[in-house]
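*Asks:*
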Amino acid sequence: MIDLVNPFALPFMARALVTLLVLAVAAGTVGVIVNLRRLEFMSDGLTHAVFPGLVIGFIAAGSPGLLPGALVAALISAVLLSLLSRRSGDQNVIAIVLTSFFSLGIVVVSTMDGYSGQLTEMLFGRLLSVTDAQAVITAVLVAAAVLLVALTWRKQVFRAFDRSGSAAAGIRTTWLDIAANGAVAMFVVAAAAAVGTLLVLAVLIVPAASARLLTRTIAPAVVVATVIAALGSWLGLSLSWHLSIELDVQAAPGATVALTLVALYALAVVASLLLSKIRRVR
């Protein structure tokens, strides 16, 4: 039987859960906009673009330099990708930036002593080692990302459903795109230290995708996505604890959370199919 309560009496487990619950709030707001505007590939590009910032920040100042380095790289990448993808009109530029930035990070980290261990930590995170200060910084970045989306919410939704109409209505779409990508960038930085750059997309995209399957309108989707992200975080951490402590199977907490979110998505697919059949019968 998996214990869903007692493990979180330990400070490091409690901090990990609080960090993930904070990220869940952004998964329900920023994630839904990413889903509506089909920015998944752009988000993937930003997660990879953050990597060299993490590496350079770590080299410059150790662990305290991770978040500042990642934030600078993320915001520069958000503006750059917004402008270049708008001019080119296709996804090629995102793929080019993705591979070049990520390769740059690999080259830089390979110059470090014991680089394989540092690389693993940056790619997959250190969820159980999150400090109080890092949790606070994560909360600040998430709040900024949510605020940025909230301030542009109606325009973001308008652009999601009618790109040409939003431009014709006089909306400054370039700045709107930068705002959306900037929010994603701040979320990526907030989540990267905890779950790693490779697993950020699971927290950002999967809950929103699950919510869209279960809801018909946007407001409920935000609530459902937040609940799914929070539930997946809680269950995933509990499962990781059970496997590692009770069964002596070392399960990375970040990856376990990501797999739990994917499992919830699979359940959402089944539930969506059942709901569709019920509606047809009625």
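With UniProt numbering applied, the sequence shown covers 1 to 282. Every residue, glycine too, gets a C-beta built ideally from N, C-alpha and C. Since the structure is predicted, the reported quantities are computational estimates derived from the model, not experimental observations.
#1: Give me the Cα-Cα distance between Asn6 and Gly196, rounded to the nearest whole angstrom.
#2: Using CA atoms only, rank isn't needed, just tell me which of Arg279, Val189, Val223 and Gly182 is closest to Leu54.
#3: Within this structure, are the beta carbons of Thr174 and Ser82 separated by less than 8 Å?
#4: Residue range of the alpha helix (DSSP H) that Glu40 falls in?
#5: Ignore the nearest five residues each way along the sequence and tell me which others in Leu127's own chain have a CB closer than 7 Å to its CB.
#6: So the alpha helix (DSSP H) Gln156 belongs to, where does it begin and stop?
#7: Between Ala133 and Val203, what straight-line distance do the alpha-carbon atoms span, to the nearest angstrom?
#8: So the candidates are Ile76, Ile228 and Gly57; which of them puts its Cα closest to the Cα of Leu67?
#9: Whose C-alpha, out of Leu23, Val222, Asn181 and Asp177, is nearest the C-alpha of Val136?
#10: Grouping DSSP H, G and I as helix and E and B as strand, with all else coil, what is Gln250?
#11: Taking three-plus beta-carbon pairs below 8 Å as touching, is the stretch 65-80 in contact with the stretch 32-50?
#12: Does Ile2 pass the burial test, meaning 16 or more other C-beta atoms within 10 Å, or should it be called exposed?
#13: Can you name, in chain order, every residue of its own chain whose Cβ lies under 6 Å from the Cβ of Ser240, other than the five neighbours on each side?
#14: For Thr99, which residues of its own chain have a beta-carbon under 8 Å away from its beta-carbon, when the five flanking residues on both sides are left out?
#15: Does the contact criterion of 3 or more C-beta pairs under 8 Å hold for the stretch 22-42 versus the stretch 136-156?
#16: Do Ser85 and Ile94 have their C-beta atoms within less than 8 Å of each other?
#17: Along the chain, where does the alpha helix (DSSP H) that runs through residue 293 open and close?
#18: In whole angstroms, what is the alpha-carbon distance linking Ala268 and Val224?
#19: Taking only the alpha-carbon atoms, compute the straight-line gap between Ala219 and Val109 and give it to the nearest angstrom.
#20: So, Val18 versus Ile178, is the Cβ gap smaller than 8 Å?
*Replies:* The answer reads as follows:
#1: If I take the Cα positions, the gap works out to 26 Å.
#2: Val189
#3: Yes.
#4: Taken as a continuous stretch (DSSP letters only), the alpha helix (DSSP H) holding Glu40 covers Glu40 to Ala61.
#5: Ala16, Ala194, Val195, Pro253 and Gly254
#6: Trp153 to Phe161
#7: For Ala133 and Val203, the distance between alpha carbons rounds to 21 Å.
#8: The option with the nearest alpha carbon to Leu67 is Gly57.
#9: Leu23
#10: For Gln250, the three-state secondary structure derived from DSSP is coil.
#11: Taking a contact to require three or more Cβ pairs closer than 8 Å, the stretch 65-80 and the stretch 32-50 qualify as touching.
#12: Per the 10 Å Cβ criterion, exposed.
#13: Ala251, Pro253 and Thr256
#14: His48
#15: In this structure the stretch 22-42 touches the stretch 136-156; the number of beta carbon pairs closer than 8 Å is three or more.
#16: yes
#17: Given that the chain is displayed from residue 1 to residue 282, the structure contains no residue 293 and the question cannot be resolved.
#18: 11 Å
#19: 42 Å
#20: No; because the gap between Cβ atoms is not below 8 Å, this pair is not in contact.
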